[in-house]
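Colleague: Encoded as structure tokens, here's the structure I'll be asking about.
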Amino acid sequence: MAKLATSIRLRPDLKEALERRAREAGLPAAALYERFIDEGLRRDDHPLIVFRDGAGGRRPTLAGTRLDVGQVIDSLLAAEGKGDTALQETAEYLSIPEGHVRACLSYYAAYKDEVDNWRSIVAEAAEREREAWHREQALLA
């Protein structure tokens, strides 16, 4: 997607705070501006979804929990039931309100490729860890 140059005026204190935050994050200021605008727009559309940095990078998570959207989607897809039954099963399994599961599903519908990419990265890391554990167990046998 091509980027268009845009000029905006910021209050001096806001500009200074954004530039300081960009330096601390080791990012160009323009990249941080873009991230904040993108995430702000997504939060307006999906108010129960927040963004969190972690070992694997920045990702969407369910507000007030430690659950990544991808984790909720994995649980939803693994549910035995379909439709509303799957939503209820997932909410019960994760001990969260059904509306929170729906919020993750709504975000997933809007950003499926991104969430699926994250889910793939997490699955690959888990598989590497499982294989390492098996190698360690073989040495202990």
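Numbering-wise, the sequence shown is residues 914 to 1054 according to the working numbering.
We treat Cβ as the ideally placed atom computed from N, Cα and C, and that holds for glycine.
Is the CB-CB distance between A1016 and I962 below 8 Å?
Modeller: Mapped onto the sequence shown, residue 1016 falls at position 103. Mapped onto the sequence shown, residue 962 falls at position 49. Yes, Cβ-Cβ distance for A1016 and I962 is below 8 Å.
Colleague: Strictly by DSSP, which residues pair up with D981?
Modeller: The count along the sequence shown starts at 1 and reaches residue 981 at position 68. Answer is T974.
Colleague: Which partner residues does R922 have in the DSSP bridge list?
Modeller: What you label residue 922 is simply residue 9 of the sequence shown in a count that begins at 1. Answer is none; R922 lacks a bridge partner.
Colleague: Hey, out of L975, R936 and D981, whose CA is closest to A968's CA?
Modeller: Here residue 968 refers to the residue found at position 55 when the sequence shown is read from its first residue. Among L975, R936 and D981, the Cα nearest to that of A968 is on D981.
Colleague: So, does the CB of L940 fall closer than 8 Å to a CB anywhere in chain B?
Modeller: Included in the structure is just one protein chain, with no chain B present.
Colleague: Per DSSP, which residues does R965 bridge with? Please list them.
Modeller: Taking the sequence shown and counting its residues from 1, one reaches residue 965 at position 52. DSSP lists R972 as partners of R965.
Colleague: Report yes if the C-beta distance between E993 and L1000 is below 8 Å; otherwise report no.
Modeller: Here the question's residue 993 lines up with position 80 in the sequence shown. Here the question's residue 1000 lines up with position 87 in the sequence shown. Not in contact: E993 and L1000 (Cβ atoms no closer than 8 Å).
Colleague: What are the boundary residues of the alpha helix (DSSP H) that includes S1008?
Modeller: Translated into positions along the sequence shown, residue 1008 becomes position 95. Taken as a continuous stretch (DSSP letters only), S1008 belongs to no alpha helix (DSSP H), as it is neither H nor E.
Colleague: Can you look up A1045 in the DSSP assignment and give me helix, strand or coil?
Modeller: Position 132 of the sequence shown, counted from the first residue, corresponds to residue 1045. In this structure, A1045 counts as helix in the three-state DSSP scheme.
Colleague: At what residues does the alpha helix (DSSP H) containing Y1024 begin and finish?
Modeller: Counting from one through the sequence shown, the residue named residue 1024 turns up at place 111. Taken as a continuous stretch (DSSP letters only), Y1024 belongs to no alpha helix (DSSP H), as it is neither H nor E.
Colleague: Taking the straight line between their C-alpha atoms, what separation do you get for R1032 and Y946?
Modeller: Position 119 of the sequence shown, counted from the start, is the residue given in the question as residue 1032. Position 33 of the sequence shown, counted from the start, is the residue given in the question as residue 946. If you take the alpha carbons of R1032 and Y946, they lie about 26 Å apart.
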